[in-house]
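Residue numbers (the numbering used here): 1 to 60.
Backbone N, C-alpha and C fix where the C-beta goes; we use that ideal spot for every residue, glycine too.
The structure displayed is predicted, hence computed values, not measured ones.
(1) Where does residue 6 land, buried or exposed, given buried means 16+ other C-beta within 10 angstroms?
(2) If you reduce the DSSP assignment to three classes, tell me which class residue 60 lands in.
(3) With a CB to CB cut of under 8 Å and the five nearest residues on each side skipped, what residues in its chain are close to residue 45?
Following this line, the structure appears as structure tokens:
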């Protein structure tokens, strides 16, 4: 999963960059919680990933 999200967010240096690894880990944890605790649909999960992507583009 980190590889897929790394490609999506343009953060492929997660194996060597601790900040990038931490960022992807937070996103993965949020998605796992969305699936397990909140029972979000795939469409809602895709929206969550798109929101994270938009947020990180604003930060860049």
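Walking through what the data contain:
(1) For this step, residue 6 is matched to residue 6 along the chain shown. Under this definition residue 6 is a buried residue.
(2) Here residue 60 corresponds to residue number 60 of the chain shown, with the count starting at 1. In the structure shown, residue 60 sits in coil (DSSP, three-state: anything other than H, G, I, E or B).
(3) Mapped onto the chain shown, residue 45 falls at position 45. Excluding residues within five positions, the ones whose Cβ falls inside 8 Å are 31, 34, 35.
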